[in-house]
Amino acid sequence: MVQTESIIRNLLLGSKGAKEMGHSMNIGYLPDIFGQNAYLPSLFKDFNIDYSLLQRGLYN
1 MVQTESIIRN
11 LLLGSKGAKE
21 MGHSMNIGYL
31 PDIFGQNAYL
41 PSLFKDFNID
51 YSLLQRGLYN
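As numbered in UniProt numbering, residues 1 to 60 make up the sequence shown, in order.
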């Protein structure tokens, strides 16, 4: 399970990079991960991420 601090640092870097390219991050994309951090909804809200996409595996 990913620690909350790691998620915050990742979101900070991602939002900074998106801003530098003239974009914003408003979708939280979580592909094929095992377990969810309980704080994800509040972290996404704090970073103005309005939507999330969770995916487990590839389907034919």
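Glycine included, every Cβ here is placed at the ideal spot set by N, Cα and C.
Neighbourhood of residue i by C-beta distance below 7 Å, restricted to the same chain and skipping five residues each side
i, result
"N26", "N48, I49, D50 and Y51"
"A18", "S24 and M25"
"G57", "D32"
"V2", "N37"
Beta-ladder partner(s) of residue i, from DSSP
i, result
"Y51", "I27"
Assumed close pair residue i, residue j - CB separation to whole angstroms, cut-off 8 Å
i, j, result
"Y29", "L53", "5 Å"
Same chain only: Cβ atoms within 8 Å of residue i, ignoring 5 sequence neighbours per side
i, result
"T4", "N37, Y39 and L43"
"I7", "N37, Y39, L40 and L43"
Proximal residues to residue i (C-beta, below 6 Å), its chain only, five neighbours per side dropped
i, result
"Q55", "P31"
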